[in-house]
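Chains as they are written, first to last, in this note's numbering: chain G, 6 to 390; chain Y, 9 to 377. Cβ atoms here follow ideal geometry from the backbone N, Cα and C, with glycine treated the same way. Have a look at the structure below before the remarks.
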């Protein structure tokens, strides 16, 4: 401490010293580095490759009570589709047993009078569809795919019969749907950016959740406070090293999304950097706040585990649509900063710079970041007095 | 021996429940989470914001718009007057979709020409887009049937009659709530077991434990008991609430359920204690918890089906206890599955439990010597 520059002791120098100390601690227990870099790589790999909402080769039982040309044509239309791998069942009870044993997800059943009714105008021929409804979401999608296969079979049949206008008569209104930003509905394009937000929530909170609690527990915080270090300097000294680590993890995640998973990125890089930095501050601030409230590492760990992953996973719009939640719960989601960042990431990746989306969400993140950091500052000062 | 183990287990309970904050996290938060997540986690959409660009304005077009507005799934947020407004409302996420009815809509309909309506959907969230599109398709099909019967037109030569087994109204909450039960049980077991040794190391009490006559296997059992007891108790409360407060059907047998819960808890405790033995600091333990917890939940079939995963990831899920527990819970809740039909879920869980507990014991001994 006899070095002349240390005696002068400018604020920047004290912050520099604190940052240096924090980095030394990070290097001593490299789990922080693992949190920043290992966690995103492993989770993105699992998610990017592993998770898809796009069903392919849905196992389907096909039962025709009286097999003939019509039933063969319908079977062929499902057999040619990438969505299905149909199996012919000898009779309905067999198919139902397959359904109960989860060998198939659905049964397409043509009753014995199917063809006869198909050729009489008075009565429509009923195609019976039985679906395992346990996974309601997948069941609904399966139902839509089966309907599409059935419609194309009807259209081909009408065309072959040479009815000029019969199809128009069968379908007075046609729906021409166009899906913007993700025309093939690749679920990876929306899951990967969303996952980045979930992972960054974890990283940010995990990095800082234990740091203050550790200092409390070991009594080093009080020792630090009797030096000339100011609270602001202390907070900056704690945040900067983990901010650097977190931004490193963020860069890695975005690079993986674009180059490994081929998610298009249409927005501006500077906006991505700006919003990521802000989001990381909300996550770090939350971790810091947990750390200060908990005052010991065990409780801080408990709170961090409970309040980070599941809320970011369930309440952010990552998988479940916020607009469909009950009103009181929608209000609760305003507190989850991942909800804003997910919208921003989806827009920057798949749409581009849309100020009407970006600014309100950025401001909301700013408010949360300011709240957590200011609350931490207040709490720490009160605890020390 | 058992006296020592019980004394250790009691000490563990005290350490977990002494601090009011940790008591709240362990005892209170699962109930709050069940309430919040059960309402949050549904794939059924309501109030989908839709904008209408009606260039026709005739009676038939009005009737079509009324069908969208009255369906309960859609909410009309804007009536658009210009083509250029479509991009504006979609880009800014004012509306998830825009329905465009062309100026010749009614004329085409009345002359039996195909009348095309255009639907533009925001695909940013591809799952929401696909579900919203399927709702729209159903509405149009209903409109068509109604139009044909009221105008004496030839009906389509075939119809689809759908029945869904086990979940007739395709309520996704019935599917999701049993999954939430599994997730909350896993989380509580992980926080109780995985942090236990690291906490003692940080506080320096682990060395004291080592000089007691307790053998490694006794420490292991002593640390496993709180996880098992808390997991079983909270699992029971959560399941009681799921059935009584969220009206999820319970078709199976309680005994089968508790066999499944017991086996699942053993495997989760085994993994938790493995993490606990490996971690030297609490931060490492928390990292370990997340490295296991997040993949275990994501690769369990909770929200995205295992069947959609590529083959090598499907193989990877075979070592995930959550995968089996999800099937057991959903089977017992919705399908009334018997013990026999769930055998193939029970024995892998038992095997995972044996392997992880044996590994944890080995790690404990290794760490202590």
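Here residue 108 (chain Y) is bridged, per DSSP, to Y:61, Y:126.
The C-beta of residue 338 (chain G) has 16 or more other C-beta atoms within 10 Å across all chains shown, which makes the residue buried. By the Cβ rule, the segment 287–307 of chain Y does not count as touching the segment 166–182 of chain Y, because fewer than three pairs are nearer than 8 Å. The three-state reading of DSSP puts residue 67 (chain G) in strand, counting E and B together. Within the segment 206–235 of chain Y, the runs of alpha helix (DSSP H) at least 4 residues long that lie entirely inside it are, in chain order, 213–219. Of all C-beta pairs linking the segment 148–158 of chain G to the segment 184–192 of chain Y, fewer than three are shorter than 8 Å, placing the two stretches out of contact. For residue 46 (chain G), the secondary structure class from DSSP, reduced to helix, strand or coil, is helix. Within the same chain, and ignoring the five residues on either side of residue 326 (chain G) in sequence, no residue has its Cβ closer than 7 Å to its Cβ.
Measuring C-alpha to C-alpha distances from residue 109 (chain Y) to each of Y:100, Y:122, Y:98 identifies Y:122 as the nearest. Across the structure, residue 14 (chain Y) and residue 266 (chain G) are spaced so that their CA atoms are roughly 52 Å apart. Three or more Cβ pairs closer than 8 Å define a contact, and the segment 374–384 of chain G falls short of that threshold against the segment 172–189 of chain Y. Under a criterion of Cβ atoms nearer than 8 Å, the residues of chain Y adjacent to residue 61 (chain G) are, in order, 316. Residue 16 (chain G) carries a helical assignment under DSSP once its states are collapsed to helix, strand and coil. When DSSP reads this structure, residue 46 (chain Y) sits in no beta bridge, so it has no partner.
When the Cα atoms are used, residue 231 (chain Y) and residue 309 (chain Y) turn out to be separated by approximately 30 Å. Secondary structure at residue 218 (chain G): helix, using DSSP grouped into helix, strand and coil. With a cutoff of 8 Å on beta-carbon distance, residue 283 (chain G) and residue 371 (chain G) are scored as near each other. Assignment of residue 30 (chain G) by DSSP, reduced to helix, strand and coil, places it in the helix class.
Close CB contacts of residue 306 (chain Y) within its chain, under the 8 Å cut and outside five residues either way in sequence, are with 312 (chain order).
Shown in chain order are the members of the segment 121–139 of chain Y whose Cβ falls below 9 Å from a Cβ of chain G: 121, 122, 123, 124, 125, 126, 127, 128, 129, 130, 131, 132, 133, 134, 135, 136, 137, 138, 139.
By the CB criterion at 8 Å, residue 27 (chain Y) and residue 234 (chain G) fall outside the cutoff. Following the DSSP letters along the chain, one finds residue 168 (chain Y) inside the beta strand (DSSP E) bounded by residues 166–173. Fully contained in the segment 274–342 of chain G are the following alpha helix (DSSP H) runs of length 4 or more, in chain order: 274–299, 302–312, 314–319, 332–338.
Residue 100 (chain G) is not a Cβ neighbour of residue 137 (chain G), given a cutoff of 8 Å. Under DSSP, residue 345 (chain Y) takes part in no beta bridge, so it has no partner. As DSSP reads the structure, residue 56 (chain Y) sits in a beta bridge with Y:82.
About 5 Å separates the beta carbons of residue 132 (chain Y) and residue 355 (chain G), which is inside the 8 Å limit, making them a contact pair. Of the residues G:35, G:288, G:252, the one whose Cα lies closest to the Cα of residue 316 (chain G) is G:288. Annotation: residue 339 (chain G) has no Cβ neighbours in chain Y at a cutoff of 7 Å; minimum Cβ distance is about 13 Å.
For chain Y, the residues of the segment 190–218 of chain G that bring a beta carbon within less than 7 Å of one of its beta carbons are 190, 191, 192, 194, 195, 207, 211, 215, in chain order. The beta-carbon of residue 75 (chain Y) is placed no less than 8 Å from the nearest beta-carbon of chain G. When DSSP states are grouped into helix, strand and coil, residue 320 (chain Y) belongs to the helix group.
Under the 8 Å criterion on CB atoms, residue 47 (chain G) is classed as interfacial with respect to chain Y. Bounds of the beta strand (DSSP E) holding residue 183 (chain G) are 178–185. Distance from the CA of residue 218 (chain Y) to the CA of residue 206 (chain Y), rounded to the nearest whole angstrom, comes to 14 Å.
With contacts defined by Cβ atoms closer than 8 Å, residue 48 (chain Y) and residue 319 (chain G) form a contacting pair.
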